[in-house]
Ligand SMILES: [Zn+2]
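Here is the structure:
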């Protein structure tokens with residue numbers, strides 16, 4: 068079963084995808100985007116080596132290190148023509164961290180939000196939200212004199228994926244719907260940043276269609292399973308829709324994700340809760356392929372840049388197809 072059906076299905080999907088693309092391989096609305104923009108492993112590595120560097124000291128919310136990470140992302144947005152969605156790139160909030168030694172102290176956090184406007188006069192009023200958390204835990208249990216938890220996989224990898232998607236669509240201008248690139252702070256303190264943003268967008272009456280949270284995509288899974296998996300897989304037809312446009316099963320089901328209820332444990336959840344839209348996390352970390360979760364050795368040199376580039380490149384046509392479909396075909400369903 069497992070081996071035969073996917074092969075048949077994929078052959079059909081690939082055949083469909085080839086048909087849809089047309090003879091010239093152009094996928095944009097007006098065909099202007101025939102130039103292929105490649106996401107490079109080198110660009111990803113450059114961003115990673117800064118975001119996960121010791122200089123940023125583990126990017127704890129409220130620290131100097133996360134301020135540096137925020138400035139880096141803002142400069143990246145600015146250099147790549149990703150516009151602010153609010154008055155500036157920053158979405159500020161304050162919260163109290165009940166888990167800290169000083170639970171009454173107000174901590175200042177800021178999400179970084181960029182926008183790429185859609186190219187269709189009607190569909191551009193609908194938003195696709197892509198994101199990941201750029202904060203991390205600061206310090207971890209000391210190993211060989213190292214206390215800095217660099218958070219390369221968690222979640223500089225997802226942050227960089229979202230940044231690369233932003234760069235791609237700001238350049239290709241192939242998205243009919245508008246895109247928000249949303250990088251959250253204070254995920255590690257209880258989804259505070261994404262919670263704040265989801266509430267703010269709801270109060271402003273945003274017309275959001277879907278949301279994807281990229282969480283730990285820095286290392287590959289085993290070769291006999293789908294490249295990535297989606298949390299809350301059965302809550303919508305999102306994964307199937309993405310795979311249809313990817314022409315292969317890039318995003319699959321992972322039983323441990325549902326056993327551990329990962330759907331509710333990361334930044335996608337507030338968007339589902341507040342906006343009632345399909346909002347899921349996509350990950351390639353499966354608890355067996357990386358030993359350094361919340362460990363001081365979660366560092367840039369442990370990341371697989373070829374894998375990251377390959378994942379991001381495979382996601383582009385999947386996202387593009389989903390963003391540009393004439394109707395909102397991704398829908399929630401009862402689990
Ligand atoms: Zn994380």
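In the working numbering, the protein residues as written are 68 to 402. We put the CB at the ideal spot given by N, CA and C, even for glycine.
Rounded straight-line distance, which links the Cα of residue j to that of residue i
i: residue 344; j: residue 355; result: 31 Å
i: residue 214; j: residue 362; result: 9 Å
i: residue 218; j: residue 139; result: 16 Å
i: residue 315; j: residue 136; result: 34 Å
i: residue 324; j: residue 149; result: 32 Å
i: residue 415; j: residue 333; result: A query on residue 415 cannot be resolved here, the shown segment of the chain reaching from 68 to 402 and no further.
i: residue 359; j: residue 369; result: 9 Å
i: residue 163; j: residue 128; result: 11 Å
i: residue 337; j: residue 280; result: 11 Å
i: residue 383; j: residue 168; result: 43 Å
i: residue 207; j: residue 395; result: 43 Å
i: residue 238; j: residue 341; result: 31 Å
i: residue 112; j: residue 352; result: 18 Å
i: residue 302; j: residue 211; result: 44 Å
i: residue 108; j: residue 270; result: 38 Å
i: residue 364; j: residue 205; result: 13 Å
Element boundaries [alpha helix (DSSP H), containing residue i]
i: residue 264; result: 259 to 270
i: residue 190; result: Counting along the chain, residue 190 falls outside any alpha helix (DSSP H), and DSSP gives it neither H nor E.
i: residue 204; result: Residue 204 -> no alpha helix (DSSP H), and no H or E assigned at all.
i: residue 236; result: 225 to 239
i: residue 362; result: It is not in any alpha helix (DSSP H) - residue 362 carries neither H nor E in the DSSP assignment.
Residues near residue i by beta carbon distance below 8 Å, same chain, minus five either side
i: residue 243; result: 96, 185, 186, 187, 190, 191, 390 and 391
Proximal residues to residue i (C-beta, below 6 Å), its chain only, five neighbours per side dropped
i: residue 339; result: 346
i: residue 161; result: 173 and 175
i: residue 320; result: 300
i: residue 114; result: 227
Distance between beta carbons of residue j and residue i, contact taken as under 8 Å
i: residue 249; j: residue 197; result: 7 Å
i: residue 387; j: residue 241; result: 6 Å
i: residue 286; j: residue 385; result: 20 Å between Cβ atoms; not a contact.
i: residue 283; j: residue 380; result: The Cβ separation is near 18 Å, so there is no contact.
i: residue 199; j: residue 144; result: Residue 199 to residue 144, Cβ: 14 Å. No contact.
Contacts around residue i, its chain only, beta-carbon distance under 7 Å, and the 5 residues preceding and following it disregarded
i: residue 305; result: 277, 297, 345, 347 and 397
i: residue 133; result: 126, 127, 202 and 252
Near ligand 2: residue i beta-carbon under 6 Å from a heavy atom
i: residue 364; result: For the structure depicted, ligand 2 is absent and the ligand set comprises only ligand 1.
Top-ranked residue by Cα proximity to residue i, from the options
i: residue 130; options: 337, 177, 112 and 103; result: 177
i: residue 231; options: 146, 293, 257 and 153; result: 146
i: residue 275; options: 393, 284, 265 and 115; result: 265
i: residue 261; options: 108, 221, 272 and 335; result: 335
i: residue 165; options: 257, 223, 367 and 204; result: 257
i: residue 194; options: 246, 289, 376 and 293; result: 246
i: residue 255; options: 222, 141 and 292; result: 222
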